[in-house]
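Mind the numbering: the sequence shown is residues 1 to 500 in full-length UniProt numbering, read in order.
By construction, the Cβ of each residue, glycine as well, lies at the ideal position given by its N, Cα and C atoms.
First the structure, in the form of structure tokens, and then the observations on it.
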Amino acid sequence: MIDLDRHSTGTLLCRLGGADAGVLSLAPKARREYIALALVMLATASLAVLSMAFAMTDGLKANPVVGVLIGLFWGAIILTVDRALIINLKPKGGKGRMFLMIVPRLLMAALLGLVISTPLTLRIFNDEIAAQMTHDQIAAANTAAKELASGDLTGLFNSKNAEVKKYEEIVAGRYTYTAPGLTQAQQEYDKAKTAYEDKQKDAETAYRRWQCELYGVGCEATSKKRGDGPLAQALKKEYQNRKAEAGQAEDLMNTQQSALLNAQKQNSDDGETALAAAQADAEKQLAVLRPQRDNLQQQLQALNDAAQAKRQDGLLAQLVALGHLDDQSKLALIAHLLLAALLFMIELLPVAIKTLIAAGPTTVYERAEKLDDDLVMKLAAARANREQAKQAEIDQRAIDSEVRVAKKVQEKVEDLVTEIAMVAVDQWGEEVRRSAASYTHQQQPPPVQNGGGWHPQIPGQQPGPYNLPPVQNPPDKNARQLGNSGQGGNGQNGGGGSQP
Numbered sequence: 001m002i003d004l005d006r007h008s009t010g011t012l013l014c015r016l017g018g019a020d021a022g023v024l025s026l027a028p029k030a031r032r033e034y035i036a037l038a039l040v041m042l043a044t045a046s047l048a049v050l051s052m053a054f055a056m057t058d059g060l061k062a063n064p065v066v067g068v069l070i071g072l073f074w075g076a077i078i079l080t081v082d083r084a085l086i087i088n089l090k091p092k093g094g095k096g097r098m099f100l101m102i103v104p105r106l107l108m109a110a111l112l113g114l115v116i117s118t119p120l121t122l123r124i125f126n127d128e129i130a131a132q133m134t135h136d137q138i139a140a141a142n143t144a145a146k147e148l149a150s151g152d153l154t155g156l157f158n159s160k161n162a163e164v165k166k167y168e169e170i171v172a173g174r175y176t177y178t179a180p181g182l183t184q185a186q187q188e189y190d191k192a193k194t195a196y197e198d199k200q201k202d203a204e205t206a207y208r209r210w211q212c213e214l215y216g217v218g219c220e221a222t223s224k225k226r227g228d229g230p231l232a233q234a235l236k237k238e239y240q241n242r243k244a245e246a247g248q249a250e251d252l253m254n255t256q257q258s259a260l261l262n263a264q265k266q267n268s269d270d271g272e273t274a275l276a277a278a279q280a281d282a283e284k285q286l287a288v289l290r291p292q293r294d295n296l297q298q299q300l301q302a303l304n305d306a307a308q309a310k311r312q313d314g315l316l317a318q319l320v321a322l323g324h325l326d327d328q329s330k331l332a333l334i335a336h337l338l339l340a341a342l343l344f345m346i347e348l349l350p351v352a353i354k355t356l357i358a359a360g361p362t363t364v365y366e367r368a369e370k371l372d373d374d375l376v377m378k379l380a381a382a383r384a385n386r387e388q389a390k391q392a393e394i395d396q397r398a399i400d401s402e403v404r405v406a407k408k409v410q411e412k413v414e415d416l417v418t419e420i421a422m423v424a425v426d427q428w429g430e431e432v433r434r435s436a437a438s439y440t441h442q443q444q445p446p447p448v449q450n451g452g453g454w455h456p457q458i459p460g461q462q463p464g465p466y467n468l469p470p471v472q473n474p475p476d477k478n479a480r481q482l483g484n485s486g487q488g489g490n491g492q493n494g495g496g497g498s499q500p
């Protein structure tokens, strides 16, 4: 058996559980805790894979291969989410802060647990849910049939079908013809028969009263005296009158009966002709009514087939069926809740375990992690100080380099300005000498003798040294600045004066 504590797989599991490999090297005893936490996370991810695979195959009727692939993708998502929920769940701050950290994670884990546990619950109770869904589908079909039967289309179909049956009866010979005279004869006969029966009853009643009075039997409100007395004679006369009326009524009834028999015979003779005419008319009506009835029947059948084809058997229908099972049986409700709670608890385990660890006393791993964090902060501070010192040194070197460059540039500029100024002064001196020589040569008078020698004499000038003409001033500061700007580099022509 592989020892995960020392195997490389154990390191991967520890990292999956949110542990740091560097901290684990300081606290190797904590490896088992994080390996166990990682295995729990893998278990929840495996349940998520099964849940999504069942949801895809049972609910969406997807191909099993596609369902498994989507289930694996869903399991990877759940594993990532679980790791994200627990990786930063650490004891920080007071109880209020811990509460704010734990509650959102528990709520999210609970939501994931409900989503994941539902398809698994439906799969486990699949047989019971299928049976209940059958009942639900039958009830839905009956409801749809009732709605269809009470609709306008069904009413129109029933009306057309009744007409078709009526004309089919006529074509089959089941046709009753009744002439107008037959109806009247029947009514008169019935009336005469009723009158005869009433008269006959009256005659019979009068006869019984007469007999009772004659023999003193004591019935029909007689005097209870025997003999053919005046009262008996009166009752006898009343009986004879009633009997005569009954005879007249019987004669009238017999007359009406003879008339009725004659009318029936005539109706029978006319009925054959009427039947032939009615059958011909019925054939014409059926040629029109049958296609209409069949079309309506096809429409009703299409609606019924569509209602049957739309019988729901997806996840929602399964949930509804499971709810109906819960309503019908408390035992089913308890089993459903227990199973859902079990799956829900399994999905909630990673966050719950991490929450209990965070809420408990400080572990060895947490102490080692704090030491590692302090070391990291110290190293980071030292690295930052080194980087800062290095940057300061680089900045100082840059400043020193700039100073040296500036000094060299300044010295170079001073040398260049001095050279330009000297060139300008030399040019100025040369111009002065040339101007003086030219002026002296142009203004020299004819030679006169003075004291035994010839000397040039300028009119209006006292004897003595030459009076030099005014010359330009030497280059000033502006000239030096002009030379510094680069114009003095032109040699003899770069000065402030012009070449004579």
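DSSP-derived helix/strand/coil call for residue i
{"i": "residue 114", "result": "helix"}
{"i": "residue 281", "result": "helix"}
{"i": "residue 362", "result": "coil"}
{"i": "residue 157", "result": "helix"}
{"i": "residue 176", "result": "coil"}
{"i": "residue 152", "result": "helix"}
{"i": "residue 372", "result": "helix"}
{"i": "residue 96", "result": "helix"}
{"i": "residue 241", "result": "helix"}
{"i": "residue 13", "result": "helix"}
{"i": "residue 395", "result": "helix"}
{"i": "residue 127", "result": "helix"}
{"i": "residue 88", "result": "coil"}
{"i": "residue 82", "result": "helix"}
{"i": "residue 449", "result": "Low confidence applies here, because residue 449 scores a pLDDT of 48, under 50, leaving its location unreliable and the question unanswered by this model."}
{"i": "residue 323", "result": "helix"}
{"i": "residue 474", "result": "Note that residue 474 scores 48 on pLDDT, short of 50, meaning its location in the model is unreliable; the coordinates nonetheless yield the value given after this. Three-state DSSP puts residue 474 in coil, outside helix and strand."}
{"i": "residue 71", "result": "helix"}
{"i": "residue 18", "result": "coil"}
{"i": "residue 226", "result": "coil"}
{"i": "residue 483", "result": "For residue 483, the pLDDT reaches just 43, beneath the cut-off of 50, and the residue's location in the model is therefore unreliable, leaving the point undetermined."}
Limits of the unbroken alpha helix (DSSP H) element including residue i
{"i": "residue 344", "result": "330–359"}
{"i": "residue 61", "result": "No alpha helix (DSSP H) contains residue 61, which DSSP labels as neither H nor E."}
{"i": "residue 54", "result": "31–54"}
{"i": "residue 21", "result": "21–26"}
Sub-7 Å separation of residue i and residue j beta-carbons
{"i": "residue 196", "j": "residue 249", "result": "yes"}
{"i": "residue 503", "j": "residue 75", "result": "Here the chain has residues from 1 to 500 only, and residue 503 is not among them."}
{"i": "residue 23", "j": "residue 369", "result": "yes"}
{"i": "residue 129", "j": "residue 339", "result": "no"}
{"i": "residue 358", "j": "residue 89", "result": "yes"}
{"i": "residue 347", "j": "residue 113", "result": "yes"}
{"i": "residue 324", "j": "residue 137", "result": "no"}
{"i": "residue 214", "j": "residue 232", "result": "yes"}
{"i": "residue 187", "j": "residue 260", "result": "no"}
{"i": "residue 56", "j": "residue 77", "result": "no"}
{"i": "residue 503", "j": "residue 364", "result": "In the structure as shown, the chain starts at 1 and stops at 500, and residue 503 therefore has no counterpart that could be examined."}
{"i": "residue 10", "j": "residue 37", "result": "no"}
{"i": "residue 165", "j": "residue 293", "result": "no"}
{"i": "residue 189", "j": "residue 257", "result": "yes"}
{"i": "residue 105", "j": "residue 54", "result": "no"}
Distance between beta carbons of residue j and residue i, contact taken as under 8 Å
{"i": "residue 120", "j": "residue 337", "result": "Not really, about 14 Å apart at Cβ, beyond 8 Å."}
{"i": "residue 79", "j": "residue 41", "result": "6 Å"}
{"i": "residue 282", "j": "residue 167", "result": "4 Å"}
{"i": "residue 193", "j": "residue 210", "result": "Not confirmed; about 26 Å, so no contact."}
{"i": "residue 109", "j": "residue 72", "result": "Contact doesn't hold; Cβ gap of about 21 Å is too wide."}
{"i": "residue 297", "j": "residue 157", "result": "6 Å"}
{"i": "residue 200", "j": "residue 246", "result": "5 Å"}
{"i": "residue 163", "j": "residue 300", "result": "Actually they do not touch by this definition, with Cβ atoms about 17 Å apart."}
{"i": "residue 173", "j": "residue 275", "result": "7 Å"}
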